[in-house]
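*Asks:*
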Amino acid sequence: MRTLSLRDWLRSLREQRVRTLTTLAGIGWGTFSVVAMMAFGEGLEGIMQERAAGLGRGIVIAWPGTTTRSHAGFPEGRALRFTRADVLSLLDDVPQLEAVCPEYSARAQVRRGELVFRTQVNGVNPVYGVLRTQNVELGGRFLNDADLSGERRVAFLGDKIKRQLFGAEDAVGRTLVVLDTPFTVVGVMEPKLQDSDYDGDDDSRICIPATTHERVFGRRYVDDFLFRARDTRETAAAIEAVDAALGRRVGYHPDDAGALLVWDTTEDEQIRRYIFTAMDILLGGAGLFTLLVGAVGVGNLMFLLVRQRTREIGIQMAVGARPRWIQQEVLMQTALLVTIGGAAGFSGAFAVSAVVGATPLAATLGRPHVSPAVALGTIGLLAAVGLLAGWFPARRAARMDPVEALSS
Amino acid sequence: MIELRGIGRDYASGDATVHALSDVDLEIETGEMLTLLGPSGSGKSTLLHLLGCLDRPTHGSYHLLGRDVSRLDRNQLAAVRGEQIGFVFQRFHLMPRSTALENVALPLRFAGVGARERRARAADLLRRVGLEDRRHHRPAELSGGQQQRVAIARALAADPPLILADEPTGNLDSQVGGEIVDLLLELHSEGRTVVVITHDEGLAARTERTVRLLDGRVFADERVAPDNG
Ligand SMILES: Nc1ncnc2c1ncn2[C@@H]1O[C@H](COP(=O)(O)OP(=O)(O)O)[C@@H](O)[C@H]1O
Ligand SMILES: [Mg+2]
Numbered sequence: 001m002r003t004l005s006l007r008d009w010l011r012s013l014r015e016q017r018v019r020t021l022t023t024l025a026g027i028g029w030g031t032f033s034v035v036a037m038m039a040f041g042e043g044l045e046g047i048m049q050e051r052a053a054g055l056g057r058g059i060v061i062a063w064p065g066t067t068t069r070s071h072a073g074f075p076e077g078r079a080l081r082f083t084r085a086d087v088l089s090l091l092d093d094v095p096q097l098e099a100v101c102p103e104y105s106a107r108a109q110v111r112r113g114e115l116v117f118r119t120q121v122n123g124v125n126p127v128y129g130v131l132r133t134q135n136v137e138l139g140g141r142f143l144n145d146a147d148l149s150g151e152r153r154v155a156f157l158g159d160k161i162k163r164q165l166f167g168a169e170d171a172v173g174r175t176l177v178v179l180d181t182p183f184t185v186v187g188v189m190e191p192k193l194q195d196s197d198y199d200g201d202d203d204s205r206i207c208i209p210a211t212t213h214e215r216v217f218g219r220r221y222v223d224d225f226l227f228r229a230r231d232t233r234e235t236a237a238a239i240e241a242v243d244a245a246l247g248r249r250v251g252y253h254p255d256d257a258g259a260l261l262v263w264d265t266t267e268d269e270q271i272r273r274y275i276f277t278a279m280d281i282l283l284g285g286a287g288l289f290t291l292l293v294g295a296v297g298v299g300n301l302m303f304l305l306v307r308q309r310t311r312e313i314g315i316q317m318a319v320g321a322r323p324r325w326i327q328q329e330v331l332m333q334t335a336l337l338v339t340i341g342g343a344a345g346f347s348g349a350f351a352v353s354a355v356v357g358a359t360p361l362a363a364t365l366g367r368p369h370v371s372p373a374v375a376l377g378t379i380g381l382l383a384a385v386g387l388l389a390g391w392f393p394a395r396r397a398a399r400m401d402p403v404e405a406l407s408s
Numbered sequence: 001m002i003e004l005r006g007i008g009r010d011y012a013s014g015d016a017t018v019h020a021l022s023d024v025d026l027e028i029e030t031g032e033m034l035t036l037l038g039p040s041g042s043g044k045s046t047l048l049h050l051l052g053c054l055d056r057p058t059h060g061s062y063h064l065l066g067r068d069v070s071r072l073d074r075n076q077l078a079a080v081r082g083e084q085i086g087f088v089f090q091r092f093h094l095m096p097r098s099t100a101l102e103n104v105a106l107p108l109r110f111a112g113v114g115a116r117e118r119r120a121r122a123a124d125l126l127r128r129v130g131l132e133d134r135r136h137h138r139p140a141e142l143s144g145g146q147q148q149r150v151a152i153a154r155a156l157a158a159d160p161p162l163i164l165a166d167e168p169t170g171n172l173d174s175q176v177g178g179e180i181v182d183l184l185l186e187l188h189s190e191g192r193t194v195v196v197i198t199h200d201e202g203l204a205a206r207t208e209r210t211v212r213l214l215d216g217r218v219f220a221d222e223r224v225a226p227d228n229g
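Heads up: the sequence lines are chains Y and L, in that order. So the first sequence is numbered by my numbering: it starts at 1 and just counts up by one. So the second sequence is numbered by my numbering: it starts at 1 and just counts up by one.
#1: Please state if the CB of PRO107 of chain L and the CB of GLY320 of chain Y are separated by a distance shorter than 8 Å.
#2: For a contact meaning CB atoms closer than 9 Å, what does GLY82 of chain L contact in chain Y?
#3: Using 7 Å as the cut-off, classify the Cβ of VAL18 of chain L as near or not near the heavy atoms of ligand 1, replying yes or no.
#4: Can you name the start and end residues of the alpha helix (DSSP H) that ASN120 of chain Y belongs to?
#5: Rounded to the nearest angstrom, what separates SER70 of chain L and LEU50 of chain L at their Cα positions?
#6: Which of the three DSSP states is assigned to GLN109 of chain Y in this structure?
#7: May I ask whether a heavy atom of ligand 2 can be found less than 7 Å away from the beta carbon of SER45 of chain L?
#8: Here's a check: name, in chain order, each residue in its chain whose Cβ is nearer than 6 Å to the Cβ of ALA122 of chain L, leaving out the five neighbours to either side.
#9: Below 8 Å, can you find three or more Cβ-Cβ pairs linking the region 134-146 of chain L to the region 75-85 of chain L?
#10: Which ranges would you report for the beta strand (DSSP E) in the region 144-207 of chain Y if only whole runs of at least 3 residues count?
#11: Closest to GLY167 of chain Y by C-alpha separation, out of Y:VAL87, Y:VAL188 and Y:GLU50, would be which residue?
#12: For the beta strand (DSSP E) holding MET33 of chain L, just list the boundary residues, first then last.
#13: Got a sec: which bits of the region 125-146 of chain L sit with their beta carbon under 9 Å from any beta carbon on chain Y, in order along the chain?
#14: State yes or no: is the C-beta of ARG81 of chain L within less than 8 Å of the C-beta of ALA397 of chain Y?
#15: Reducing DSSP to helix, strand and coil, say where VAL306 of chain Y ends up.
#16: Check each residue of the region 336-350 of chain Y: if its Cβ is closer than 7 Å to any Cβ of chain L, include it; give the result in chain order.
#17: Helix or strand or just coil, what does DSSP make of ALA225 of chain L?
#18: Does the region 197-208 of chain L come close enough to the region 13-31 of chain L to have 3 or more Cβ pairs within less than 8 Å?
#19: With 7 Å as the C-beta to C-beta threshold (strictly closer), list the residues of the region 181-194 of chain L near chain Y in chain order.
#20: Could you pull out every unbroken alpha helix (DSSP H) segment of at least 4 residues lying fully inside the region 347-371 of chain Y, listed in chain order?
#21: Going by the CB atoms, is the gap between ARG215 of chain Y and GLY58 of chain Y shorter than 8 Å?
#22: Over what stretch of residues does the alpha helix (DSSP H) that includes ARG57 of chain Y continue unbroken?
#23: Just grab the DSSP bridge partners of PHE227 of chain Y for me.
#24: If you measure from the beta carbon of ASN75 of chain L to each beta carbon in chain Y, is any gap under 8 Å?
#25: What are the boundary residues of the alpha helix (DSSP H) that includes ARG127 of chain L?
#26: Would you identify the three-state DSSP class for TYR11 of chain L, choosing helix, strand or coil?
#27: Nearer than 7 Å: is that true of the beta carbon of TYR11 of chain L relative to any heavy atom of ligand 4?
#28: Assign GLY191 of chain L to one of two classes, buried (16 or more other C-beta atoms within 10 Å of its C-beta) or exposed (fewer than that).
#29: Do ALA349 of chain Y and ALA62 of chain Y have their C-beta atoms within less than 8 Å of each other?
#30: With C-beta atoms as the reference, is THR66 of chain Y less than 8 Å away from ALA257 of chain Y?
#31: Any beta carbon of chain L sitting closer than 8 Å to that of GLY406 of chain Y?
#32: DSSP three-state label for PRO246 of chain L, please.
#33: Tell me, which residues are paired with GLY86 of chain L by DSSP?
#34: If I follow the unbroken alpha helix (DSSP H) through TYR128 of chain Y, where does it start and stop?
#35: Confirm the yes/no value for this check: CB of ALA41 of chain L, any heavy atom of ligand 1, distance under 7 Å.
#36: Please list, in chain order, the residues of the region 302-314 of chain Y that have any C-beta partner in chain L closer than 8 Å.
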């Protein structure tokens, strides 16, 4: 920049120390608001998503209901029952499905030596571990296909029931007894956050193969089943198709609202997304407003400086400064102010995010995170603010008549 | 060097129009020194501003070094000022927050000269006007005469062929004013074209040509042998 006499400019800023500092504080605070609020929103969203994912990502849980209309010779009020085969047939009949898993659910006495607990013992397929985000502690595994086809007496333990039964000891390979039947532990679930459930938290559940469950508990009909669509956006269509396919298979009317009861967790996710979008708009809007107020402050300061330096602008023009250069100079000076204020705001937001993320607050607030999108967006915003604040003062400076400016 | 034809400059002043200059024809040869005389309000400054491309005429044409500058836009005029013209004002017009050295170097910045060379040339010029020891003083720390010397050094920075001075001694006592006049005469003797507005008939007597304005018109244009005895 040919005209930017930084030293001269900084000297005139020093004469306006208080105004300069309040202006910088305005931009800094605005930037801080936008960045910190978005960062905290993102952290909160992250931890809520993690908690929600504890139940399962994108899954639908379905229970057999009672018919509310007669159909194909059956009277209304019939309690429906689905077999494991009914459930697994869905994978062939409903193309939208990525996975489906039958689930037997029972409360049972579990024993290891002298220790006895009543807890949830569920019979499931291997895909359950994936659908319900049950990550496996190192050294173990979830149930597998061989367990299922071999009706093996193997168990996968939630981390809490594992602690209750085995304490800090390694559980894998050890034995526990369910309803007088000994089971070998093949794996333990990693601790996880879970914000919702339908038959107790996963940390207290013991999973065994569905086939084994049928034999040990003498069951023929599943308590519920889970499925997930290939594409979350197709979940509603998948539910409808599942309903229709089951209706054909076990005999109920496809429009019978009572036949199949479903909990579509993707709806919760949708709601959560709406809430967070609303929060982003609200908080981001508040930050944006603060930033705009800061922009007005910068614009005012630049106007003041241009007016105060009228004669000097005239002098510069007299000795050869093009009006265009004067305009660029004022824009650069504005950009400099905005950059300093913005950098301060950014630093503050990063610092506060880092501090909160490192304290116990992170358990409830999540880890505030300044995403690249937010950072780039804010930088873009600051550029717009600078241009907005500098444009009119710059134009005023460039349009000055040198003779008039000199005589001021 | 300078050729003014039918120059007029009108100002709108409320409903009325003020004819600050009308029908001015003037030719100035390269290397000439000329004093502009006339009562207050006669249009001297207006004429000087036009000559200096700080302003554009309402009527007429202005050729500077063969180029019609009366139709140039504001950016082009600034370029002409930077390259061809050095100004010396009654009120000095130094940048108040800049040192003497920075003030002298200012035109070089706009001429695109690098920082090191700017500093060297500005230091040379300050030495020439006898202010090498005041290099790092701000205008407020200098006397009026010293400030005007800085202004002259600045006018010379880009080595322009035309020097325009509007009552350069108007704010100085007569002894200091005399030194400034000597400096201007020295510039003329180097071959620069110099136009000086003054109320000082004594100065007028020391230049070879005197143009008198009255009510925005050229009232007399006298060439005499300069009395520099
Ligand atoms: N910007 C302006 N607006 C209106 N009238 C002006 C302006 N500048 C100068 N004038 C008028 O033009 C005339 C010539 O002024 P000027 O050139 O400054 O005279 P001088 O320098 O000889 O004292 C005066 O009548 C003055 O009032
Ligand atoms: Mg005047």
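Beta carbons: idealized from backbone N, C-alpha and C, even for Gly. Note that the coordinates shown come from a computational prediction; the quantities given were computed from them, not determined experimentally.
*Replies:* Let's see:
#1: Reading the first sequence from its first residue, position 320 is the one you call residue 320 of chain Y. Reading the second sequence from its first residue, position 107 is the one you call residue 107 of chain L. Their beta carbons are under 8 Å apart, which means GLY320 of chain Y touches PRO107 of chain L by this criterion.
#2: To locate residue 82 of chain L, count along the second sequence from 1; it is residue 82. Result: VAL319, GLY320, ALA321 and ARG322.
#3: Taking the second sequence and counting its residues from 1, the one referred to as residue 18 of chain L is at position 18. At least one heavy atom of ligand 1 falls within 7 Å of the beta-carbon of VAL18 of chain L.
#4: One-based indexing of the first sequence puts residue 120 of chain Y at position 120. Here residue 120 of chain Y is Gln; the residue named in the question, Asn, does not match the sequence. Premise fails: GLN120 of chain Y lies in the beta strand (DSSP E), 115-124, not in any alpha helix (DSSP H).
#5: As a position in the second sequence, residue 70 of chain L is number 70, starting the count at 1. As a position in the second sequence, residue 50 of chain L is number 50, starting the count at 1. Computed Cα separation, rounded: 9 Å.
#6: The residue labelled residue 109 of chain Y in the question sits at position 109 within the first sequence. Residue state, collapsed to three classes: strand.
#7: Position 45 of the second sequence, counting from 1, holds the residue named residue 45 of chain L. Checking every heavy atom of ligand 2 against the Cβ of SER45 of chain L, one is found closer than 7 Å.
#8: The residue labelled residue 122 of chain L in the question sits at position 122 within the second sequence. So the list reads LEU101, VAL104 and ALA105, once near-sequence residues are dropped.
#9: No, because fewer than three Cβ pairs between the region 134-146 of chain L and the region 75-85 of chain L fall closer than 8 Å, the two stretches do not touch.
#10: Counting only runs of 3 or more, we get 154-157, 175-178 and 181-188.
#11: Against the first sequence, residue 167 of chain Y aligns to sequence position 167. Measuring from the Cα of GLY167 of chain Y, the nearest candidate turns out to be Y:VAL188.
#12: For the purposes of this step, residue 33 of chain L is taken as residue 33 along the second sequence, with counting starting at 1. Element bounds for MET33 of chain L: 33-37.
#13: Those would be none; no residue qualifies.
#14: Taking the second sequence and counting its residues from 1, one reaches residue 81 of chain L at position 81. Taking the first sequence and counting its residues from 1, one reaches residue 397 of chain Y at position 397. When the beta-carbon positions are compared, ARG81 of chain L and ALA397 of chain Y stay at least 8 Å from each other.
#15: On the first sequence, position 306 is the one that residue 306 of chain Y refers to. Helix, per DSSP.
#16: Listed by position along the chain: nothing, the set is empty.
#17: The residue given as residue 225 of chain L occupies position 225 in the second sequence. In the structure shown, ALA225 of chain L sits in coil (DSSP, three-state: anything other than H, G, I, E or B).
#18: Flag = no, the region 197-208 of chain L and the region 13-31 of chain L do not touch.
#19: Result list empty, no residue passes.
#20: The region 347-371 of chain Y contains these whole alpha helix (DSSP H) runs: 362-365.
#21: What you label residue 58 of chain Y is simply residue 58 of the first sequence in a count that begins at 1. What you label residue 215 of chain Y is simply residue 215 of the first sequence in a count that begins at 1. For the 8 Å CB-CB criterion, GLY58 of chain Y and ARG215 of chain Y do not form a contact.
#22: Taking the first sequence and counting its residues from 1, the one referred to as residue 57 of chain Y is at position 57. Where ARG57 of chain Y is concerned, there is no enclosing alpha helix (DSSP H), given that its DSSP letter is neither H nor E.
#23: Stepping through the first sequence from its first residue, residue 227 of chain Y is reached at position 227. Beta bridge pairing from DSSP links PHE227 of chain Y with Y:VAL60 and Y:VAL100.
#24: Position 75 of the second sequence, counted from the start, is the residue given in the question as residue 75 of chain L. So yes, ASN75 of chain L belongs to the interface.
#25: Residue 127 of chain L sits at position 127 when you count from the first residue of the second sequence. Segment 115-128, the alpha helix (DSSP H) holding ARG127 of chain L.
#26: Taking the second sequence and counting its residues from 1, one reaches residue 11 of chain L at position 11. The answer is strand: DSSP assigns TYR11 of chain L an E or B state.
#27: In terms of ligand content, the structure shown lacks ligand 4 and carries ligand 1 and ligand 2 instead.
#28: Taking the second sequence and counting its residues from 1, the one referred to as residue 191 of chain L is at position 191. GLY191 of chain L is exposed by the Cβ-count criterion.
#29: The count along the first sequence starts at 1 and reaches residue 349 of chain Y at position 349. The count along the first sequence starts at 1 and reaches residue 62 of chain Y at position 62. Not closer than 8 Å, so no.
#30: Indexing the first sequence from 1 puts residue 66 of chain Y at position 66. Indexing the first sequence from 1 puts residue 257 of chain Y at position 257. Contact check for THR66 of chain Y against ALA257 of chain Y fails: the beta carbons are separated by 8 Å or more.
#31: Translated into positions along the first sequence, residue 406 of chain Y becomes position 406. The sequence given here places Leu at residue 406 of chain Y; Gly does not occur at that position. For LEU406 of chain Y, the answer is yes, since a Cβ of chain L falls inside 8 Å of its Cβ.
#32: Nothing can be reported for residue 246 of chain L, as the shown portion of chain L is limited to 1 through 229.
#33: Mapped onto the second sequence, residue 86 of chain L falls at position 86. Note: GLY86 of chain L sits in a beta bridge opposite L:ILE163.
#34: Here residue 128 of chain Y refers to the residue found at position 128 of the first sequence. Counted as a single uninterrupted DSSP element, the alpha helix (DSSP H) harbouring TYR128 of chain Y occupies residues 128-131.
#35: On the second sequence, residue 41 of chain L is found 41 positions in, with the first residue counted as 1. Correcting the residue identity first, residue 41 of chain L is Gly in this sequence and not Ala. Yes; taking the cut-off as 7 Å, the Cβ of GLY41 of chain L has a heavy atom of ligand 1 nearer than that.
#36: Identification of residues in the region 302-314 of chain Y having a C-beta nearer than 8 Å to some C-beta of chain L yields ARG311, GLU312 and GLY314, given in sequence order.
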